[in-house]
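Enquirer: Start counting the sequence shown at 2; every next residue gets the next number (my numbering).
The structure under discussion is supplied below as C-alpha cells; questions concerning it will follow.
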Amino acid sequence: MSQELRNRGRTTNAAGGQKPNRSDMDFAVRSAGLSAPALLRASPTYNGVVMKLHVPLFFTIIPTFVQRAVTSTHWCSCLAPSWKQRTLIVVGKYVYRFKDESADSPKGSPLSLDCLDSHLVGLRDDIGGLELAFQHLPEEYKAIFSVVTFSKTYYFAVTSHEEAVTWVNSLREAKQEAITRSMGHSRVPVPKDWDYFDSLAKKFAESKESIKTKMAAHRGREMEMSTFQDGSPASRGVYG
C-alpha cells in the first residue's frame with residue numbers, strides 16, 4: 002500500500018502531529034451497530050422518553066453567582082442550561098441515550114452500569130447554579146433523577162415522581178444484575194443478544210475514548226507550536 006493511500010482521510014498540522022478526522026468518529030458510531038430500534042428489540046430492562054439537562058461548557062467554569070445570573074436572564078439564554086428530549090434504553094450492562102426511538106446511533110458513549118449510581122433530585126436542590134433550571138422544567142415534566150458516573154453527573158426530567166422512582170430503582174437493579182453477571186453468579190437467564198450488544202458497547206466506548214485522547218493531544222501540540230511561533234515569554238523563560 003502506498004504512503005498516499007495510508008495517509009488518505011488524515012490531515013496534519015504545522016506541529017507535525019496527526020489531526021483526528023471527524024469522519025473517524027462518525028465511522029465509529031455507524032460501525033457500532035447500536036441503533037435504538039435494535040436495542041428496543043433486545044428486550045431492554047427498562048426504556049422511556051426523558052428530558053436531559055444540557056449544560057454548556059462555559060456554564061460549568063464560571064462562578065456560581067454568574068451561573069445564577071445567566072440562568073435567570075433571557076438575553077444570554079444560549080449560555081444557560083437547557084432541556085433536550087432523549088430516549089433512554091437499558092440493555093445488558095449499559096445505559097444508552099438516543100435522540101429518539103428511531104435513531105441509528107447513541108448520543109455519546111454508552112454508560113456502564115457497573116460504574117454509575119442513580120438518585121432522586123429535589124426541584125429545589127441547590128446544585129451549583131442549576132436550581133433555576135430544575136424549577137423551570139418543560140411542560141408536563143414534574144420530577145428529576147440523576148445518573149452519576151466517575152466523570153460526570155447527568156440530570157433527567159420525567160413526568161411524575163413515581164416515574165423518577167421507577168427509573169432509579171430500575172437502574173439500581175440493573176446495576177446489581179450487571180455486577181452479578183460479570184462475576185458469573187447470575188441465576189437469571191438473559192436474552193442472548195445482550196452479550197453481543199455489551200461487546201459492541203465496550204468497543205464503541207473505547208473507540209470514542211481513544212479519539213478524544215488523540216484530539217486532546219493534537220490540541221496540546223497546536224498550543225505548544227503557537228506558543229513557540231509567537232515567541233511569548235513562556236517560550237523564552239521567566240527572564241526572557
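C-beta atoms are modelled at their ideal positions from N, C-alpha and C, and glycine is treated no differently.
Report yes or no: do the segment 99-108 and the segment 132-148 share at least 3 C-beta pairs separated by less than 8 Å?
Expert: Contact between the segment 99-108 and the segment 132-148 is absent, because fewer than three Cβ pairs lie under 8 Å.
Enquirer: Between LEU41, ALA134, TYR156, which has its C-alpha nearest ALA81's C-alpha?
Expert: It is ALA134 whose Cα lies nearest to the Cα of ALA81.
Enquirer: When the Cα atoms are used, what is the spatial distance from ILE63 to ALA179?
Expert: Straight-line Cα distance between these residues: approximately 38 Å.
Enquirer: Going by other Cβ atoms of all chains shown within 10 Å of its Cβ, with 16 needed for buried, is THR199 buried or exposed?
Expert: Note that residue 199 is Asp in the sequence shown, not Thr. It is buried - the Cβ of ASP199 has at least 16 other Cβ atoms within 10 Å.
Enquirer: Are there three or more Cβ pairs, one per stretch, closer than 8 Å when the segment 35-44 is compared with the segment 90-105?
Expert: Yes: at least three Cβ pairs fall under 8 Å.
Enquirer: Nearest by alpha-carbon distance to LYS176: which of PRO57, PRO45, CYS116 is it?
Expert: LYS176 has its Cα closest to that of CYS116, out of PRO57, PRO45, CYS116.
Enquirer: Which residue's Cα is closest to the Cα of PRO139: THR46, SER44, VAL51, TYR47?
Expert: The residue with the shortest Cα to Cα distance from PRO139 is VAL51.
Enquirer: Counting C-beta neighbours from all protein chains within 10 Å, is the total for ASN48 16 or more, i.e. buried, or is it exposed?
Expert: Counting Cβ neighbours within 10 Å, ASN48 comes out buried, since at least 16 surround it.
Enquirer: Indicate whether the contact test is met: 3 or more Cβ pairs, each with one atom in the segment 148-160 and one in the segment 202-216, closer than 8 Å.
Expert: Segments in contact, no.
Enquirer: The beta strand (DSSP E) with HIS120 in it runs from where to where?
Expert: Where HIS120 is concerned, the enclosing beta strand (DSSP E) stretches over 118-122.
Enquirer: Quick one: give me the first and last residue of the alpha helix (DSSP H) that ALA104 is part of.
Expert: It is not in any alpha helix (DSSP H) - ALA104 carries neither H nor E in the DSSP assignment.
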